[in-house]
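Here the structure comes first, spelled out in structure tokens, and everything after it is commentary.
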Amino acid sequence: MILKQLYLESVHRLADAGVTEPEIEAALLLGHVLGYSRSQFFLAQEQELFPQQLSFYNTLLARRLLREPLAYIVGEQEFWSLPFKVSPKVLIPRPETEELLEKILVSVRQNGLPPGPVLDLGVGSGAITVVLARELADRQVFGVDISLEALGVARENIGFHQVQPRVFLLNGNWLTAIEHKRRFALVVSNPPYIDGPAMATLQREVAFEPHCALSGGADGLADIRVLAAQIHPVMVAGGMFFMEIGADQQESVLKIFSSFSEYDRLQVHSDLAGLPRIFQARRC
Ligand code: GLN
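Here it is, written out as structure tokens:
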């Protein structure tokens, strides 16, 4: 079968399975099997696939038809225009998290940061850690995750992006892995914040992602409460905290943090879709 025919057939099968961007996904999956870029793929439309390529492709297509995310199938996701290795042990980095990082970097450039290292709580694939280590080249970045498997994926991404000399990964439940004498200038987290009812109705692709990276307990705020209580003792005065939140959590998160006298300048920023998704506070 020639590539063009296989592509068209795949687009139909993916659309029938409920995949929302079947043209893009068919092209990416075929390109992955052939080792082609997007432009190479479109120039090779009359090419015949070798039997091994065809059977490898069919295995991967079958997984996508069951709605496994493409990023897990190809083992990679682009984030901040950089390639990140991903596996089902980590959350797939998302565009909202790029917006979180943009807000952080704008704030750091405009207002500066007190001296001290950076802490990423819940590193997952290492997306936030790697970008902060690259963009804030004068800082050490500490990353914590409860999952050793996630730390393994993060370690690969940190090595691939060559920031390992300034990055330190720790295994633990939120702040338990941090020495109590350490003080951070910037603390960032994309914590699990999905509530119970929403966890029961996840999009099929999202259900493949690690439950512990998504679920924030019955009301979605369990981990956010822990962070509010645990981070202020490890922050320097004037240090900044940034966190991704759910679109309907603005009020609850402001309430949680305002019950601690250790924080001021609480703010929630909207993302590009106009949703209040980025929380910020200062350690006063
Ligand atoms: N920090 C990672 C990310 O932003 C993982 C977050 C998580 O697993 N909740 O993608």
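Residues 256 to 539 in this note's numbering are what the sequence shown lists, from first letter to last. Virtual Cβ for every residue (Gly too), placed ideally from N, Cα, C. From a predicted model like this one, the values you see are computed outputs, not experimental measurements.
Legend entry - Three-pair Cβ contact test at 8 Å for the region 371-387 versus the region 439-451: yes
Inset, instruction - Using 7 Å as the cut-off, classify the Cβ of Asn445 as near or not near the heavy atoms of the ligand GTP, replying yes or no. - result: With respect to the ligand GTP, the structure shown offers nothing to examine, as its ligands consist of the ligand GLN.
Legend entry - Reference Ala296, options Leu509, Pro452, Ile257, Ala502, closest by Cα: As a position in the sequence shown, residue 296 is number 41, starting the count at 1. For clarity, residue 296 is Phe in the given sequence; the question names Ala instead. Nearest of Leu509, Pro452, Ile257, Ala502 to Phe296, Cα basis: Ile257.
Legend entry - Stretch pair the region 397-409 + the region 517-536: three plus CB contacts closer than 8 Å: no
Legend entry - 8 Å Cβ cutoff met for Ala388 and Asp400: Walking along the sequence shown from the start, residue 388 turns up at place 133. Walking along the sequence shown from the start, residue 400 turns up at place 145. The answer is no: Cβ separation not under 8 Å.
Inset, instruction - Please list, in chain order, all residues of the same chain as Glu354 whose beta carbon is under 8 Å from its beta carbon, the five residues on each side excluded. - result: For the purposes of this step, residue 354 is taken as residue 99 along the sequence shown, with counting starting at 1. The answer, listed in chain order, is Asp526, Leu527, Arg532, Ile533.
Legend entry - Through-space distance from Ile479 to Gly505, alpha-carbon basis: Your numbering for residue 505 matches position 250 in the sequence shown. Your numbering for residue 479 matches position 224 in the sequence shown. It is Gln, not Gly, that sits at residue 505 in the sequence shown. If I take the Cα positions, the gap works out to 12 Å.
Inset, instruction - With Gly294 as the anchor, note down where its alpha helix (DSSP H) starts and where it stops. - result: Taking the sequence shown and counting its residues from 1, the one referred to as residue 294 is at position 39. The amino acid occupying residue 294 in the given sequence is Ser; Gly does not appear at that position. Residues 293-298.
Legend entry - Closer than 7 Å: Gly377 CB and nearest the ligand GLN heavy atom: Walking along the sequence shown from the start, residue 377 turns up at place 122. Flag set: Cβ of Gly377 near the ligand GLN.
Legend entry - Per-residue DSSP class, three states only, for Gly398: If you number the sequence shown from 1, residue 398 lands on position 143. Three-state DSSP puts Gly398 in a strand.
Inset, instruction - Spell out the partners DSSP gives Ser310 in its beta bridges. - result: Translated into positions along the sequence shown, residue 310 becomes position 55. The partner list for Ser310 (beta bridge, DSSP) is empty, contrary to what the question assumes.
Inset, instruction - In the DSSP assignment, find the unbroken alpha helix (DSSP H) run with Leu450 in it and report its ends. - result: Locating residue 450 in the sequence shown gives position 195, where the first residue counts as 1. The sequence given here places Asp at residue 450; Leu does not occur at that position. Unbroken run through Asp450: none, as it is neither H nor E.
Inset, instruction - Could you pull out every residue in the same chain whose Cβ sits closer than 8 Å to the Cβ of Phe512, ignoring the five residues on either side in sequence? - result: The residue given as residue 512 occupies position 257 in the sequence shown. Contacts found: Ala483, Tyr518, Leu521, Phe534, Ala536.
Legend entry - Under the three-state DSSP convention, the category Ser444 falls into: Here residue 444 refers to the residue found at position 189 when the sequence shown is read from its first residue. Ser444 falls in the strand class under three-state DSSP.
Legend entry - Proximal residues to Leu430 (C-beta, below 6 Å), its chain only, five neighbours per side dropped: Position 175 of the sequence shown holds residue 430. Excluding positions up to five away in sequence, the list reads Gln485.
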